[in-house]
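A.B. asks:
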Ligand code: MG
Ligand code: ZN
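In the working numbering, the protein residues as written are 2 to 407.
Okay, structure coming up:
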């Protein structure tokens with residue numbers, strides 16, 4: 002089934018239509034209405050006529066005309082375990098300043114799982130990736146363990162380039178839920194094998210051993226190369242600053258879990274830059290998911306310093322992504338978390354620039370509502386209060402794709 006019904010470049014060409022005289026406006030308006038109508042949307046009711054009577058050349062603003070430009074690229078950034086307090090701790094530790102503040106559209110999502118008020122990262126990432134509420138531990142499958150097509154798979158089918166970057170292993174719950182379909186998150190070797198079923202153009206994360214030292218003795222890194230990937234690993238040195246565009250690219254940052262930021266891991270920002278450049282050069286639009294994986298691990302460890310160092314590195318990556326989106330003008334950026342971790346709070350005694358008295362109510366996740374920050378064309382849709390599954394719905398709508406009937 003062809004899904005890309007509504008996504009067409011005509012929205013953008015409207016932006017460049019020059020209206021010479023105000024008497025032409027009603028004619029132009031009629032054309033705009035018919036273009037919108039051709040997409041079968043309900044946006045007609047929000048179309049407003051410009052009221053200016055100036056006799057000068059004007060460019061209709063697609064937003065005020067009710068025809069907001071659709072994004073060519075979507076970058077979804079997930080700070081695992083990044084609740085409001087984690088953001089606050091990073092903000093105040095960093096002298097009251099975060100790149101995250103550049104996003105002017107903010108919403109809240111409800112992160113509960115299909116079988117538990119307190120979600121895990123697998124159920125939550127599956128909600129973002131597939132638009133379904135599911136059980137804790139589910140990787141790209143529904144409550145009945147049936148596979149559900151992910152936004153990354155829709156992007157592949159619509160001939161966009163795709164990418165994943167994580168500071169955990171690449172087969173860990175969050176990135177895994179965008180490419181794999183497995184009933185349990187701990188099925189690491191099965192999840193690694195699923196990376197050979199989907200043509201992710203670019204991916205960077207840890208977990209080399211799940212590809213090349215497996216119970217089934219297969220070497221999936223060799224299989225990836227046979228499949229047409231350039232494969233790099235930490236053993237050959239740091240992530241390159243540029244890689245050949247003629248093949249897909251995968252880079253393994255560690256054998257098992259990557260180091261903490263404090264212990265010297267520092268690839269998130271370079272991998273963020275490289276992924277955006279690589280995918281942009283594919284020349285066909287892209288979907289990219291970037292995860293700051295270890296904010297969550299700091300929460301599990303009830304360690305404020307761990308949370309803050311991971312949070313600030315993630316914010317640096319956010320800065321790079323927003324710079325790219327600002328320059329590009331066709332990239333929708335969505336930044337959120339899967340859940341809060343630790344029941345973290347900042348108490349009396351901490352100071353601006355020095356968060357010292359973090360306390361925790363749990364060494365697990367909590368059910369707190371989670372903020373969503375959005376930037377770029379289509380960002381307005383992320384204001385408000387909605388289910389975590391709506392993030393999938395809104396991304397699909399932004400790309401103009403329809404969900405396939407299962
Ligand atoms: Mg994660
Ligand atoms: Zn966790």
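We treat Cβ as the ideally placed atom computed from N, Cα and C, and that holds for glycine. Model, not experiment: these values are computed from the prediction.
Heavy atom of the ligand ZN less than 8 Å from the Cβ of residue 128, yes or no?
C.D. replies: No.
A.B. asks: With 16 as the cutoff for other CB atoms within 10 Å, does residue 162 come out buried or exposed?
C.D. replies: Burial call: buried.
A.B. asks: Heavy atom of the ligand MG less than 8 Å from the Cβ of residue 258, yes or no?
C.D. replies: Checking every heavy atom of the ligand MG against the Cβ of residue 258, none is found closer than 8 Å.
A.B. asks: Taking the straight line between their C-alpha atoms, what separation do you get for residue 351 and residue 357?
C.D. replies: Taking the straight line joining both Cα atoms gives about 5 Å.
A.B. asks: In chain order, what residues of the same chain have a beta carbon less than 6 Å from the beta carbon of residue 24, not counting five sequence neighbours either side?
C.D. replies: For residue 24, the predicted structure reports a pLDDT of 37, less than 50, and the residue's modelled location is therefore unreliable. A value from the coordinates is still provided. For residue 24, where only same-chain residues beyond five positions count, there are no Cβ hits under 6 Å.
A.B. asks: If you run the structure through DSSP and keep just helix, strand and coil, what is residue 333?
C.D. replies: If DSSP states are grouped into helix, strand and coil, residue 333 belongs with the strands.
A.B. asks: For residue 293, which of 228, 80 and 75 has the nearest alpha-carbon?
C.D. replies: Closest option to residue 293, Cα to Cα, is 80.
A.B. asks: Could you check the C-alpha separation between residue 65 and residue 381 for me, to the nearest Å?
C.D. replies: With a pLDDT of only 46 at residue 65, under 50, the local geometry of the prediction cannot be trusted, and no value is derived from it.
A.B. asks: My guess is that residue 180 and residue 195 are in contact by the Cβ rule of under 8 Å, so how many angstroms apart are they, rounded?
C.D. replies: About 6 Å separates the two Cβ atoms, so the contact holds.
A.B. asks: From 339, 360 and 138, pick the residue whose C-alpha is nearest to that of residue 347; which is it?
C.D. replies: Comparing Cα positions, the closest option is 360.
A.B. asks: In angstroms with no decimal places, state the Cα-to-Cα distance between residue 200 and residue 226.
C.D. replies: One C-alpha to the other measures close to 12 Å.
A.B. asks: Taking contact to mean 3 or more Cβ pairs, one atom from each stretch, closer than 8 Å, check whether the stretch 320-333 and the stretch 109-119 are in contact.
C.D. replies: With a cut-off of 8 Å, the stretch 109-119 and the stretch 320-333 do not count as touching, because too few Cβ pairs lie within range.
A.B. asks: With a CB to CB cut of under 7 Å and the five nearest residues on each side skipped, what residues in its chain are close to residue 319?
C.D. replies: The residues are 78, 100, 101 and 336.
A.B. asks: Cβ atoms of residue 185 and residue 379: under 9 Å apart, would you say?
C.D. replies: Their beta carbons are not under 9 Å apart, which means residue 379 does not touch residue 185 by this criterion.
A.B. asks: Which class does residue 356 belong to by DSSP, given the choice of helix, strand or coil?
C.D. replies: Of the three classes helix, strand and coil, the one that applies to residue 356 here is coil, per DSSP.
A.B. asks: For residue 217, I'd like the list of residues in its chain whose CB is within less than 8 Å of its CB, leaving aside the five on either flank, ordered along the chain.
C.D. replies: Cβ neighbours of residue 217 beyond the five flanking positions: 190.
A.B. asks: Nearest-angstrom Cα distance between residue 268 and residue 187?
C.D. replies: For residue 268 and residue 187, the distance between alpha carbons rounds to 25 Å.
A.B. asks: Who's in the neighbourhood of the ligand MG, going by beta-carbon under 5 Å from any heavy atom, listed in chain order?
C.D. replies: In chain order, the qualifying residues are 81, 122, 175 and 294.
A.B. asks: By the three-class DSSP mapping on this structure, what secondary structure does residue 180 have?
C.D. replies: Here residue 180 sits in helix by DSSP.
A.B. asks: Under the assumption that residue 288 contacts residue 153 (Cβ atoms under 8 Å), give the Cβ distance between them as a whole number of angstroms.
C.D. replies: Their Cβ separation, rounded to whole angstroms, is 6 Å, which keeps residue 288 and residue 153 in contact under 8 Å.
A.B. asks: Should residue 151 be listed as close to the ligand ZN, given that the test is whether its C-beta is under 8 Å from any heavy atom?
C.D. replies: Residue 151: no, Cβ never under 8 Å from the ligand ZN.
A.B. asks: The ligand ZN heavy atoms versus the CB of residue 300: any closer than 8 Å?
C.D. replies: Yes - the ligand ZN has a heavy atom lying nearer than 8 Å to the Cβ of residue 300.
A.B. asks: Helix, strand or coil, according to DSSP, for residue 375 in the structure here?
C.D. replies: Looking at residue 375 - three-state DSSP - the assignment turns out to be strand.
A.B. asks: For residue 365, which option in 95, 120, 242 and 116 has the closest C-alpha, if you only look at C-alpha atoms?
C.D. replies: It is 120 whose Cα lies nearest to the Cα of residue 365.
A.B. asks: May I have the straight-line CA-CA distance separating residue 388 from residue 237, to the nearest angstrom?
C.D. replies: Approximately 43 Å, taken between the alpha carbons.
A.B. asks: For residue 229 and residue 132, what's the separation of their Cα atoms in angstroms?
C.D. replies: Taking the straight line from one Cα to the other gives about 31 Å.
A.B. asks: For chain C, find out if any of its Cβ atoms is closer than 9 Å to the Cβ of residue 155; answer yes or no.
C.D. replies: Of the protein chains in this structure there is only one, and it is not chain C.
A.B. asks: Residue 342: beta carbon under 8 Å from a heavy atom of the ligand ZN?
C.D. replies: Result yes, Cβ under 8 Å from the ligand ZN.
A.B. asks: Quick one: using the 10 Å Cβ neighbour count with 16 as the cut-off for buried, is residue 282 buried or exposed?
C.D. replies: Flag for residue 282 reads exposed.
A.B. asks: Residues in its own chain within less than 8 Å of residue 285 by CB, not counting five upstream and five downstream?
C.D. replies: Correct list, in chain order: 160, 161 and 162.
A.B. asks: Taking just the CA atoms, how far does residue 373 sit from residue 399?
C.D. replies: Residue 399 and residue 373: Cα-Cα distance of roughly 16 Å.
A.B. asks: For a test of the three-state rule: what should DSSP assign to residue 128, helix, strand or coil?
C.D. replies: Helix, per DSSP.
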